[in-house]
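Colleague: For the sequence shown, position 56 matches number 56 in full-length UniProt numbering, and the numbering has no gaps at all.
Just so it is clear, CB atoms sit at the ideal spot from N, CA and C, and this is done for glycine as well.
This structure is a prediction, so every number in the text was calculated from the model and none was measured.
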Amino acid sequence: MVETERLICASEDLQERGTGIGFSLPDAGKTQQSGFVIRYDGKVHGYVNRCAHVPVTLDWQEGDFFDLSRHFLICSTHGAQYLPETGRCVLGPCKGKSLQKLNVVERDGRIYLIETTPVESHL
Numbered sequence: 001m002v003e004t005e006r007l008i009c010a011s012e013d014l015q016e017r018g019t020g021i022g023f024s025l026p027d028a029g030k031t032q033q034s035g036f037v038i039r040y041d042g043k044v045h046g047y048v049n050r051c052a053h054v055p056v057t058l059d060w061q062e063g064d065f066f067d068l069s070r071h072f073l074i075c076s077t078h079g080a081q082y083l084p085e086t087g088r089c090v091l092g093p094c095k096g097k098s099l100q101k102l103n104v105v106e107r108d109g110r111i112y113l114i115e116t117t118p119v120e121s122h123l
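(1) Are there three or more Cβ pairs, one per stretch, closer than 8 angstroms when the segment 8 to 22 is compared with the segment 88 to 103?
(2) Taking 9 angstroms as the cut-off, decide whether the C-beta atoms of I38 and F66 are in contact.
(3) Hey, how far is the Cα of G42 from the Cα of V119?
(4) If you draw a straight line from the alpha carbon of P26 to that of R107, how long is it in whole angstroms?
(5) With a threshold of 16 other CB atoms inside 10 Å of the CB of L113, please say whether the residue is buried or exposed.
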């Protein structure tokens, strides 16, 4: 496996419990997917932008992933609530399921997506 880093945004662009930042994910032969990052309790978290219940995006307006209390991520379609730090659904029809977590890192004032691709064998 080979890991590559893709720049998502500058750290200052992602405010605590504020608007999330979306980005496209590599096409794996399926429908094009998107991901997003949010900052919660000082840490950056990234997820695939797809509800664990039905395959719809979470944000009701671009970047609006938090509920009104700013304590949960919420699905705009049916109100499922997810813990921002783990992506686990705690309320709604997908309770107990989780969002698909993305490997993101914050370093040197920037936020990166770590992408993993398989290495082909030439045997």
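Modeller: Taking the definition as stated:
(1) no
(2) For the purposes of this step, residue 38 is taken as the residue at position 38 of the sequence shown. For the purposes of this step, residue 66 is taken as the residue at position 66 of the sequence shown. Cβ atoms of I38 and F66: closer than 9 angstroms.
(3) In the sequence shown, the residue the question calls residue 42 occupies position 42. In the sequence shown, the residue the question calls residue 119 occupies position 119. C-alpha separation (whole angstroms): 35 angstroms.
(4) Counting from 1 along the sequence shown, the entry for residue 26 is found at position 26. Counting from 1 along the sequence shown, the entry for residue 107 is found at position 107. About 22 angstroms.
(5) Residue 113 sits at position 113 when you count from the first residue of the sequence shown. Classification for L113: buried.
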